[in-house]
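Peer 1: Take this structure first; my questions come after.
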Amino acid sequence: MRTHMLGRGGPEAHRACGDVPKSDPSSSFQATGTDQLVGLGLVAFSLVVFTYYTIWIIILPFIDSDHVIHKYFLPREYAVTIPLVVGLILLLFVGIFITYVMLKNRKPTKKSN
């Protein structure tokens, strides 16, 4: 007899005992058309930003500085400054969110007399 990872009797025995929760089709989440459109917009925006940044950092240094393509890109010192500022702002918001959740879920302490 082959043993399963869930123990003796296999998954059927656990389902009979109620150990394994059954999936409820009514509790599954389906993305609406608006959610899909927002997701597509975010993916498209990310693709545009990634392509622009890749061309700016990797390809542009190999093109002559008097070429017309250089007028469509910011100076190279911004290549480090902009991601640094965006990263710091992201860390700030993550820290604020974590602080908010921790303070919201804090249990009241009892005062001892």
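Sequential numbering of the sequence shown, starting at 1, is according to the UniProt record's numbering.
C-beta: ideal position from N, C-alpha, C; glycine also.
Can you tell me whether D66 is helix, strand or coil according to DSSP?
Peer 2: Stepping through the sequence shown from its first residue, residue 66 is reached at position 66. In the structure shown, D66 sits in coil (DSSP, three-state: anything other than H, G, I, E or B).
Peer 1: Expressed to the nearest angstrom, what Euclidean distance is found between the alpha-carbon atoms of L37 and Y72?
Peer 2: Translated into positions along the sequence shown, residue 37 becomes position 37. Translated into positions along the sequence shown, residue 72 becomes position 72. Cα to Cα, the separation comes out at about 29 Å.
Peer 1: Just to confirm before moving on: does the CB-CB distance between I69 and I63 stay below 8 Å?
Peer 2: Counted from its first residue, the sequence shown places residue 69 at position 69. Counted from its first residue, the sequence shown places residue 63 at position 63. Contact flag set, yes.
Peer 1: Where do the ends of the alpha helix (DSSP H) carrying T32 lie?
Peer 2: Along the sequence shown, one-based indexing puts residue 32 at 32. Run containing T32: none; DSSP gives neither H nor E here.
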